[in-house]
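Chains as they are written, first to last, in the working numbering: chain V, 1 to 275; chain L, 1001 to 1275; chain E, 2001 to 2275; chain P, 3001 to 3275.
Glycine included, C-beta positions come from ideal geometry on N, C-alpha and C.
Following: one structure in structure tokens, then a few remarks.
Protein chains: 4
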Amino acid sequence: MSRAKEIRDRVHEIIFEADTPAGKAFDVGLLIAIVSSVMVVMLESVKEIREQFASELQWAEWIFTALFTVEYLLRIYSVQKPHKYIFSFYGIVDLLAILPSFLQPFVAGSRYLVTIRTLRLLRIFRVLKLANYVVQGQVISRALRASRAKITVFLIAVMTLVVIVGSIMYVIEGGEESQGGFTSIPRSIYWAIVTVTTVGYGDIAPVSDLGQALSAVLMIMGYGIIAVPTGIVSVELTQAQKELEAGLNTISCPVCSREGHDNDATFCKYCGGEL
Amino acid sequence: MSRAKEIRDRVHEIIFEADTPAGKAFDVGLLIAIVSSVMVVMLESVKEIREQFASELQWAEWIFTALFTVEYLLRIYSVQKPHKYIFSFYGIVDLLAILPSFLQPFVAGSRYLVTIRTLRLLRIFRVLKLANYVVQGQVISRALRASRAKITVFLIAVMTLVVIVGSIMYVIEGGEESQGGFTSIPRSIYWAIVTVTTVGYGDIAPVSDLGQALSAVLMIMGYGIIAVPTGIVSVELTQAQKELEAGLNTISCPVCSREGHDNDATFCKYCGGEL
Amino acid sequence: MSRAKEIRDRVHEIIFEADTPAGKAFDVGLLIAIVSSVMVVMLESVKEIREQFASELQWAEWIFTALFTVEYLLRIYSVQKPHKYIFSFYGIVDLLAILPSFLQPFVAGSRYLVTIRTLRLLRIFRVLKLANYVVQGQVISRALRASRAKITVFLIAVMTLVVIVGSIMYVIEGGEESQGGFTSIPRSIYWAIVTVTTVGYGDIAPVSDLGQALSAVLMIMGYGIIAVPTGIVSVELTQAQKELEAGLNTISCPVCSREGHDNDATFCKYCGGEL
Amino acid sequence: MSRAKEIRDRVHEIIFEADTPAGKAFDVGLLIAIVSSVMVVMLESVKEIREQFASELQWAEWIFTALFTVEYLLRIYSVQKPHKYIFSFYGIVDLLAILPSFLQPFVAGSRYLVTIRTLRLLRIFRVLKLANYVVQGQVISRALRASRAKITVFLIAVMTLVVIVGSIMYVIEGGEESQGGFTSIPRSIYWAIVTVTTVGYGDIAPVSDLGQALSAVLMIMGYGIIAVPTGIVSVELTQAQKELEAGLNTISCPVCSREGHDNDATFCKYCGGEL
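In structure tokens, the structure reads:
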């Protein structure tokens, strides 16, 4: 084993694994660095703070970006199949976490997008070995994936509804001098979305009697509509939960071969045979 | 078979079927045309764009309307029982999609209602052969239909509530000079709907202590109330889902009599026997 | 049977029963009168309409009130145990439906409360013999009754939360010159309710950084909190639905073997056999 | 038994138990005192009332604080293991209920925090012996505890989403002269939370087309997102309810006396002994 390979393996162990003390220290340090760097960018956007600590924040930001860039290059260097890492979910996130800083000279304000670094925090579960949380996260994402088709159908129906209601509202209340703010169909559709999702900013709101009547109908519909995704997710979550539990309960008794034992069972609850 | 009939059959195949290459091309082209025409109308409602591209947009709109009119007439011509198509759901939608443009000279602003064309997009599932999406859509609509009676009872109760609360609020806060905007009972009912559905624009809001107290009670009630349709839909969705799965499991193999085959299966997946 | 009793029985049949043609006609007429009278009061509250049709609306209102008063007296006269009717739910509603008109000379604006007449519309299900709707309504109300204890516990917890958060917010943002509108603790509690129920008028909103941070925490909590009543009602609705299906399907008549008897039935409703 | 111990036991019985008439009277009196004292503080925050009854309210507040302080000291004196009480949930609440009044001379406005006394009202269930309510409360809290892991994962995902969307919005609409109010990233994140939870104050709202489009996407996502906690809590509530019903049949093994067996178990799953 050449010296170069030895170093590469060591680097890989520290950066990618979380089992050795060095690897764990690296991961915890990384999480702290991510949170700190996002904090720095947030604080920089506050006028009072920016004016007082302009250079300090600037420096901190560049140091963090340098650190993350080195880390990104080390990841590519130490991994066996670099292109697999580069195009993986975390590889792309790691790149996006440093890109905005380099785009700053070309695209004004782009550095604020480094807050995309928060996505890197999702590694937290792996680092802290929160196995239960990982499982629960999988249950949720399995339920969401299973309900994808239903949610898509539902969203297309909602989209059709808001386009039509938005247009009718524009005909009723619209015009350049619209008191309610319905200055164009896209804006009226924006209002319909604000209303049907029950957000209700109030920046655009009907003022005519007919407009308010239509608006009331849309709200009542929104009532029923909001029930649909909730119902869908509930059903799928129940399903995903059951599948999880079923997956954990597959041990069958060697004596009577009946299934359905709890995880902590040592003896068959039907015949008393040892599992 | 006369020449006329032959043409009619060919037209029918292209317009109504999506299995032949020509039919599929027609359907995809139609979807693009629908989206484009809705886009044109939306853009036309934006002042800046309308002023710059007035004639282009006008032309585009008339071309799309002409296209859809020709298509509508061809549909009536090629179908065997025209009156059945005309009074079907899609027949009415197809007519509504062209009517507003022709009403434009008589009713100002009516052309914006051509966004009702988006309803025609619901054909998308048929064109793209998204069978799973169609099934999921049926599950949702079956659940909604099954919960119709409960939802109706619920809506009548909510309606009674908002009428009474709206009136009480008018007595408390109302009057021509109402600071909160409660200028009439219909408007107060509108406020009650905005509140109970948790939309909360804030264009009408109580300012007196008593009004705010009543308002708080209504919100807390709205809390419990919003739970009801969600619960109803959840229960019915679970039911519809079960029925769907049962529907997939009813055929038993005549050879090995095992169940659980998909609907489109021709042979038993366990023993290979013909179903 | 005296003449007086005969008349009384006849009046009772018309007013209280909905099976005879006269009784049905009376009930339908009553529903129309209720809706019309509520409409009249609503229209009267609209300034433009009130100024134009002042005397007509006034007349219509008094005629409706006279009609309902006569009807109320006839109900008391014709029923066998008047005090039982007077203190029943519908008896109280019938009285409340005419009281506000008579209180008008003493309490300004009280006549608008006659919209409480809409509660009388709940009779609609009985009149139209919408048996299924009645059953569904019972399922909902049974579910709500079953979840009463849980909902009460939940509401007490929410109340405690809004009182404490409202007070903290008053300490943070409050004072007579509060920019956000937090002028007193009761008003701050009102804001907390508006926020936690996700209504969000925006008439009172935090302006300081600390206030917005606390506000954000409250919203995130409101997120989880709104899930609780929904979950409770879903669970109880499932239960009530099951009980309905079980309750209507379990006992079959030993004589005619038909099913669908109520739980408290002792005899078959089809053949009269003892269950 | 010394005289001192006798007194201490008697005090303990009155203050901590609710079974004797004296104990019950004390608890009811305490609840009334808590509600009254919170009312006094609320009224004091209302300018008009404070100006008129300044000294009366001040007196009432000091009397209540004195009462609660004496009660707190008596609790410590009469309980056998004072440190256990002091660091228990109710011990800390009891201390927090009197602390703000004493901090008043040092921290302005801190006395309004005595509304934390409302937490003491949670004792109400114990006093009124509302056993069913206590059980229902346990079902809810068990469900919430069981869904803790899922809710945490969900909240981390929502947090990541609002940080990223808030930053993007700041880049789109932000700046010191932002018309929509997006003056800094923390404020933009506050807006994202207000939007995704469907509260929608409207104090900060996008005005540009791009901003409104992004906002609409966030709302639609918020739609799906709000369904997740509801689904989670529904599932866990069903589970907790089932466990409660099952728990009413708790059999403990006669051999190893461990509990937690299923209803259909015939043998202990831990030691194999017959149940």
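Range of the contiguous alpha helix (DSSP H) that encloses residue i
{"i": "Ala2068/E", "result": "A small correction: the amino acid at residue 2068/E is Phe; Ala does not occupy that position in the sequence shown. Unbroken alpha helix (DSSP H) run through Phe2068/E: 2054-2078."}
{"i": "Ala1018/L", "result": "Element bounds for Ala1018/L: n/a, residue is neither H nor E."}
{"i": "Asp205/V", "result": "Checking the displayed sequence, the identity of residue 205/V turns out to be Ala instead of Asp. Premise fails: Ala205/V is in no alpha helix (DSSP H) and is neither H nor E."}
{"i": "Ala149/V", "result": "148-173"}
{"i": "Ile2189/E", "result": "2185-2196"}
{"i": "Tyr3085/P", "result": "3082-3086"}
Test: residue i CB closer than 9 Å to a CB of chain L
{"i": "Gln25/V", "result": "The residue you asked about is not Gln; residue 25/V is Ala in the sequence shown. No, no contact with chain L."}
{"i": "Gly3224/P", "result": "no"}
{"i": "Gly137/V", "result": "no"}
For residue i, the three-state DSSP class (helix, strand or coil)
{"i": "Phe106/V", "result": "coil"}
{"i": "Ile2140/E", "result": "helix"}
{"i": "Ile3098/P", "result": "coil"}
{"i": "Ser1045/L", "result": "coil"}
{"i": "Phe2089/E", "result": "helix"}
{"i": "Gly3181/P", "result": "coil"}
{"i": "Val3002/P", "result": "The residue asked about is misnamed: residue 3002/P is Ser in this sequence, not Val. Coil at Ser3002/P, not helix or strand."}
{"i": "Thr250/V", "result": "In this prediction, Thr250/V scores a pLDDT of 49, lower than 50, which makes its location untrustworthy; the coordinate-derived value is nonetheless stated afterwards. Three-state result, Thr250/V: coil."}
7 Å Cβ shell around residue i - same chain, five flanking residues per side excluded
{"i": "Ile3098/P", "result": "Thr3065, Phe3068, Thr3069, Tyr3072"}
{"i": "Val2093/E", "result": "Leu2119, Arg2120"}
{"i": "Ser3208/P", "result": "Ile3172, Glu3173"}
Chain V within 9 Å of residue i, Cβ atoms only
{"i": "Ser3167/P", "result": "yes"}
{"i": "Gly2200/E", "result": "yes"}
{"i": "Ser2234/E", "result": "yes"}
{"i": "Ile3185/P", "result": "yes"}
8 Å Cβ shell around residue i - same chain, five flanking residues per side excluded
{"i": "Arg3008/P", "result": "Tyr3077, Ser3078"}
{"i": "Gly222/V", "result": "Thr195, Val196, Thr197, Thr198"}
{"i": "Glu3017/P", "result": "Gly3023"}
{"i": "Ser1101/L", "result": "Glu1061, Trp1062, Thr1065, Arg1111, Val1114"}
{"i": "Arg2117/E", "result": "Ile2034, Ser2037, Val2038, Phe2068, Ala2097"}
Beta carbon proximity, residue i to chain E, threshold 9 Å
{"i": "Ser3178/P", "result": "no"}
{"i": "Tyr133/V", "result": "no"}
{"i": "Thr230/V", "result": "yes"}
{"i": "Ile1193/L", "result": "no"}
{"i": "Met1159/L", "result": "yes"}
{"i": "Ala3018/P", "result": "no"}
{"i": "Gln3241/P", "result": "yes"}
Residues of its chain near residue i, where Cβ-Cβ distance is below 6 Å and the 5 sequence neighbours each way are ignored
{"i": "Gly3091/P", "result": "Tyr3085"}
{"i": "Glu3061/P", "result": "Val3040"}
{"i": "Arg2050/E", "result": "Glu2044"}
{"i": "Leu1244/L", "result": "Val1139"}
Minimum Cβ-Cβ distance from residue i to chain P less than 9 Å
{"i": "Asp203/V", "result": "yes"}
{"i": "Ser1208/L", "result": "no"}
{"i": "Ser1215/L", "result": "no"}
{"i": "Lys2150/E", "result": "yes"}
{"i": "Gly174/V", "result": "no"}
Touching by the beta-carbon criterion (3+ pairs, under 8 Å), the segment 2155-2166 of chain E and the segment 1227-1234 of chain L: The segment 2155-2166 of chain E vs the segment 1227-1234 of chain L: no contact.
The segment 1138-1152 of chain L contacting the segment 143-154 of chain V, beta-carbon criterion three pairs below 8 Å: Contact between the segment 1138-1152 of chain L and the segment 143-154 of chain V is present, with at least three C-beta pairs closer than 8 Å.
Stretch-stretch touch, CB-based, cutoff 8 Å, three pairs: the segment 2041-2060 of chain E with the segment 1175-1185 of chain L: At 8 Å Cβ cutoff, the stretches touch.
At least three beta-carbon pairs within less than 8 Å, the segment 3230-3241 of chain P to the segment 2228-2244 of chain E: Three or more beta-carbon pairs separated by less than 8 Å link the segment 3230-3241 of chain P to the segment 2228-2244 of chain E, which places the two stretches in contact.
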